[in-house]
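Peer 1: In the working numbering, the protein residues as written are 85 to 227.
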Amino acid sequence: MPQLHSLTDYDTKILLAFLEGLKGDKNFLDFLFNNGFPELAALANAINSDTDALDWLIKQSGYPEFGVLSNAIDGEDNAILWLKKYNCDFLLKFALACQKNDEAIRWFAENDLKLFIMIIQRIHEILLFQSWDSSDVHRRRYY
85 MPQLHSLTDY
95 DTKILLAFLE
105 GLKGDKNFLD
115 FLFNNGFPEL
125 AALANAINSD
135 TDALDWLIKQ
145 SGYPEFGVLS
155 NAIDGEDNAI
165 LWLKKYNCDF
175 LLKFALACQK
185 NDEAIRWFAE
195 NDLKLFIMII
205 QRIHEILLFQ
215 SWDSSDVHRR
225 RYY
């Protein structure tokens, strides 16, 4: 298996752009994509339910661990097991914190990882919106 990547591999400025990309800011997504970080643009889109971005991460990007991370954030058991199997400890803690696991959140707080906490909070908001959106009876299609 090739070298696996982590969110800790990136400079603070790039992670700030990723955070803004998570918020849906196209300028920051374009910045990431056009400046050598298409995997982060795709991860932001995958977390926001873009299945094409998720597919690209897993199959073509060279960053399958970020596709697995997106699935782990969504609570998929196989993705969590994959992160454990390949010793992606930081990504596992990150995914668990995004799922509101108290121990994982505490770890980020105790290690003073404020930027990652901001990213995790944004992902909480995305997941909450997605759960509201999926339960909205006005959006369901019955045909």
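Glycine residues also receive a C-beta, built at the ideal position from the N, C-alpha and C atoms.
Pick from Phe200, Lys184, Phe102: whose alpha carbon is nearest that of Glu123?
Peer 2: The option with the nearest alpha carbon to Glu123 is Phe102.
Peer 1: Where do the ends of the alpha helix (DSSP H) carrying Asp134 lie?
Peer 2: That residue, Asp134, is in no alpha helix (DSSP H); it is neither H nor E in DSSP.
Peer 1: I think Thr96 touches Leu199, with their Cβ atoms under 8 Å apart; what is that distance to the nearest whole Å?
Peer 2: 6 Å
Peer 1: If you scan the stretch 140-184 from start to end, which runs of the alpha helix (DSSP H) of 4 or more residues do you find wholly inside it?
Peer 2: 148-157, 161-169, 173-182
Peer 1: Pick out whichever of Gln87, Gln214, Ile210 has its Cα sitting closest to the Cα of Tyr147.
Peer 2: Ranking the options by Cα distance to Tyr147, first place goes to Gln87.
Peer 1: Measuring only the C-alpha atoms, how far is Leu99 from Asn132?
Peer 2: Cα-Cα distance, rounded: 17 Å.
Peer 1: Would Arg190 be called buried (16 or more neighbouring beta carbons within 10 Å of its own) or exposed?
Peer 2: exposed
Peer 1: Quick check: the Cα distance between Asp158 and Leu212, rounded to an integer number of angstroms?
Peer 2: For the pair Asp158 and Leu212, the Cα-to-Cα distance works out to about 11 Å.
Peer 1: Taking a contact to mean a Cβ-Cβ separation below 8 Å, would you say Leu176 touches Ser90 in this structure?
Peer 2: no
Peer 1: With burial defined as no fewer than 16 other Cβ atoms inside 10 Å of the residue's Cβ, what is the status of Gly105: buried or exposed?
Peer 2: buried
Peer 1: If you check the beta carbons only, do Thr128 and Leu141 fall under 8 Å apart?
Peer 2: Per the sequence shown, the amino acid found at residue 128 is Ala instead of Thr. Against a cut-off of 8 Å, the Cβ pair of Leu141 and Ala128 comes out as no contact.
Peer 1: Which term fits Asn155, buried or exposed, when burial requires 16 or more other beta carbons within 10 angstroms of its beta carbon?
Peer 2: Per the 10 Å Cβ criterion, buried.
Peer 1: How would you call Ala193, buried or exposed, if buried means at least 16 neighbouring beta carbons within 10 angstroms?
Peer 2: exposed
Peer 1: Would you kindly check if the distance between the Cβ of Cys172 and the Cβ of Ile204 is under 8 Å?
Peer 2: no
Peer 1: Check this for me: beta carbons of Gly151 and Ala130, under 8 Å apart or not?
Peer 2: yes
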